[in-house]
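Enquirer:
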Amino acid sequence: MDDPERLEQGLEDKNFVHEDRNINKDGLIELSRITDENCIDQDEEKEEISTIDEIQSLVKVFIGFIIVMMIILHAGEEYPKIAPSPWNGCTFADLIMPFYLFVVGFSTALGFKIIQKLRDSIFRVIAVALKLLLWGIFLQGGYLHEPNDLTYGIDMKFIRWCGLLQKIAVVYLVVALIEVLTNKQRPKILKPGYMSIFATYKCQWIGGLIASLIYFIITYALYVPDWNFVIYINGEPKKYTVRCGTRGELGPACNAGGYIDRAILGINHLYSDPAWRGLKACTDGYSPSWCHARFEPEGLLSTVTAILSGTIGVHYGHIFVHFKSHLDRLKLWVTVGFTLLIIGIILHTADVIPINRQLYSFSFVCFAAGIAGITFSGLYILICIFGWRTPFLFLEWIGMNEMLVFVFGAQNVLKRLMNGWYYSSPENKLVNWIQTHIFINVWNSERTGTLLYVISIEITFWGLLAGILHKLGIYWIL
12 MDDPERLEQG
22 LEDKNFVHED
32 RNINKDGLIE
42 LSRITDENCI
52 DQDEEKEEIS
62 TIDEIQSLVK
72 VFIGFIIVMM
82 IILHAGEEYP
92 KIAPSPWNGC
102 TFADLIMPFY
112 LFVVGFSTAL
122 GFKIIQKLRD
132 SIFRVIAVAL
142 KLLLWGIFLQ
152 GGYLHEPNDL
162 TYGIDMKFIR
172 WCGLLQKIAV
182 VYLVVALIEV
192 LTNKQRPKIL
202 KPGYMSIFAT
212 YKCQWIGGLI
222 ASLIYFIITY
232 ALYVPDWNFV
242 IYINGEPKKY
252 TVRCGTRGEL
262 GPACNAGGYI
272 DRAILGINHL
282 YSDPAWRGLK
292 ACTDGYSPSW
302 CHARFEPEGL
312 LSTVTAILSG
322 TIGVHYGHIF
332 VHFKSHLDRL
342 KLWVTVGFTL
352 LIIGIILHTA
362 DVIPINRQLY
372 SFSFVCFAAG
382 IAGITFSGLY
392 ILICIFGWRT
402 PFLFLEWIGM
412 NEMLVFVFGA
422 QNVLKRLMNG
432 WYYSSPENKL
442 VNWIQTHIFI
452 NVWNSERTGT
462 LLYVISIEIT
472 FWGLLAGILH
482 KLGIYWIL
């Protein structure tokens, strides 16, 4: 979430940069000087280290990749395998949130490596978090309707308070404040050994582990009573009752996360179309009462455990700052990534803690953070070691204007605006006409046509527009 200026300032921390700083032809300080001489070998024959420009490119490519993942979900109705998992398990869509939290944590570690004025840094963290919260409520609170629904507005009795940006805001607020407030207390030089980084940044890990402990205690110890709700069918109210009276339940009906959201936020303020409605229990004939209820996948309890996802991203950022060579960084990154991935898989397959995006379970945090870390490491190899930056330029451009493409592209705001113009009938919208006549009819397949439309029109359009805006020096950042 940090802009390039903040990122560069953070990487120029005097406590980490040796006096023989090397300025390249672009005026960027090489990160080969950002190192702890006691924890790694200073042999000048080691491989060249990435410049600030390259690491900024890597971060923006990763963000661009996440936003492209969101846009691909526009074809999710035709491809259920990439849509959010109904309950246990993990799909393409489920990785978006942990990927974003990972890169937020990574950017935070780099962006706040130098703290000039503590009060200013705290104010900036709070300001960014508030902006994310407000944008999240506007975009996902219900004010904007589906692209084909030519109406807008929301009854405040049913506004959705939680969402993707709101969860990111809370996680960013916590991990960034820990990073800022502990900056002066922690030692600036690592002791020898790869494990010393955990001791140096123990406050960050304590914060993440406390959040996880709170999640575990509430999830398994909180008593969930029976509950009821009312839905309106053709204007007529119908009351449903869900029988619970249990603790430690991880199913859709009686989990602690849902109970807390209903008690604090109110059931009318939760997400109205939860993914669990795709479960077999909710689609085969008679469905249990809870299938008709609202549920918040970005709820309060799941936001608590999501703090650990941000903490893991911060850890990857600390590794980048402290370790000099590509090999040292990749050793730690890949080791952590595969360790987390294996832990998540073991917990899930042993039926100890299922991988569940809706509950943001501990196994899901480990599994998704492991995939994020491995993916990030792969992009690091391609961009910062092999120098293959050009093939990823369109992702980098999108990452440079992440808020613009997220708001107007991933959240379909531009499509909603364009659908306001139609010919003769609301069904004759320009976007629908292009998708139907140029793609679906030509390929004689709604599935193939929809996917090709999303890739060749939506993603290509936003990549080119972001590139043009980059050339013009126009960016939308928080």
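If you want our numbering, it's the 1-based position in the sequence shown plus 11.
For every residue, glycine included, the Cβ atom is placed at its ideal position computed from N, Cα and C.
To the nearest angstrom, how far is it from the Cα of L184 to the Cα of V115?
Expert: In a straight line, the C-alpha of L184 is about 10 Å away from that of V115.
Enquirer: May I ask you to list the residues that DSSP assigns as paired with F240?
Expert: Paired residue(s): Y251.
Enquirer: Can you tell me which residues form a DSSP beta bridge with Y433?
Expert: BP columns for Y433 point to K440.
Enquirer: For F103, which residues of its own chain have a beta-carbon under 6 Å away from its beta-carbon, when the five flanking residues on both sides are left out?
Expert: Same-chain partners within the cutoff: I93.
Enquirer: DSSP three-state label for Y327, please.
Expert: Reduced to three states, the DSSP call for Y327 is helix.
Enquirer: Give me the residue from Q422, I485, E438 and V453 with the minimum Cα distance to F149.
Expert: It is Q422.
Enquirer: Specify whether the segment 468–475 and the segment 405–416 touch according to this definition: at least 3 beta carbon pairs, one from each stretch, less than 8 Å apart.
Expert: As far as the Cβ criterion goes, the segment 468–475 touches the segment 405–416, which means the pair count is three or higher.
Enquirer: Can you tell me where the alpha helix (DSSP H) with D135 in it begins and where it stops?
Expert: Residue 135 is actually Arg in this sequence, not Asp. Taken as a continuous stretch (DSSP letters only), the alpha helix (DSSP H) holding R135 covers L129 to Q151.
Enquirer: Determine the DSSP secondary structure at Y371, reduced to helix, strand or coil.
Expert: Of the three classes helix, strand and coil, the one that applies to Y371 here is coil, per DSSP.
Enquirer: For the segment 66–73 against the segment 259–268, are there 3 or more C-beta pairs whose distance is under 8 Å?
Expert: Taking 8 Å as the limit for Cβ pairs, the verdict is that the segment 259–268 does not touch the segment 66–73.
Enquirer: The alpha helix (DSSP H) that contains G268, what's its start and end?
Expert: Note, G268: alpha helix (DSSP H), A267 to I275.
Enquirer: Is DSSP giving G246 helix, strand or coil here?
Expert: Reduced to three states, the DSSP call for G246 is coil.
Enquirer: What's the C-alpha gap between F240 and L281?
Expert: Cα-Cα distance, rounded: 12 Å.
Enquirer: Which partner residues of N99 appear in the DSSP bridge assignment?
Expert: The partner list for N99 (beta bridge, DSSP) reads N367.
Enquirer: Assuming L129 and G328 are in contact, meaning their beta carbons sit under 8 Å apart, how far apart are those beta carbons, in whole angstroms?
Expert: Contact flag wrong, Cβ pair sits at about 20 Å.
Enquirer: When DSSP labels each residue in this structure, what does T257 get in the three-state scheme?
Expert: Residue state, collapsed to three classes: strand.
Enquirer: What is the DSSP secondary structure of Y234, reduced to helix, strand or coil?
Expert: Of the three classes helix, strand and coil, the one that applies to Y234 here is strand, per DSSP.
Enquirer: Measure the CB-CB distance between V191 and F134 and report whether it falls below 8 Å.
Expert: The answer is no: Cβ separation not under 8 Å.
Enquirer: Please list the terminal residues of the continuous alpha helix (DSSP H) segment that includes V465.
Expert: Premise fails: V465 is in no alpha helix (DSSP H) and is neither H nor E.
Enquirer: Whose C-beta lies closer than 6 Å to the C-beta of W172 among residues of the same chain, with five residues either side of it excluded?
Expert: Excluding sequence neighbours, W172 sits near L276 and H280.
Enquirer: Let me see if you follow: with CB-CB separation under 8 Å, is Y297 close to chain D or not?
Expert: Within the model displayed, chain D is absent; a lone protein chain is all it includes.
Enquirer: Note down the Cα distance separating I354 from N367, rounded to an integer number of angstroms.
Expert: So the alpha carbons of these two residues sit roughly 14 Å apart.
Enquirer: Just how far apart, CA to CA, sit Q196 and S207?
Expert: Approximately 16 Å between the Cα atoms of the pair.
Enquirer: Would you identify the three-state DSSP class for Y212, choosing helix, strand or coil?
Expert: DSSP places Y212 in coil when its eight states are reduced to three.
Enquirer: If you run the structure through DSSP and keep just helix, strand and coil, what is Y391?
Expert: Here Y391 sits in helix by DSSP.
Enquirer: Does the count of Cβ pairs from the segment 106–115 and the segment 481–489 closer than 8 Å reach three?
Expert: Touching, no.
Enquirer: Taking the alpha-carbon of Q215 as reference, which of V181, K250, L428 and G321 has the nearest alpha-carbon?
Expert: Nearest option by C-alpha distance: G321.
Enquirer: Quick check: what's the CA-CA separation for A264 versus A86?
Expert: For A264 and A86, the distance between alpha carbons rounds to 29 Å.
Enquirer: Mapping the DSSP letters down to three states, classify I163 as helix, strand or coil.
Expert: A small correction: the amino acid at residue 163 is Tyr; Ile does not occupy that position in the sequence shown. Looking at Y163 - three-state DSSP - the assignment turns out to be strand.
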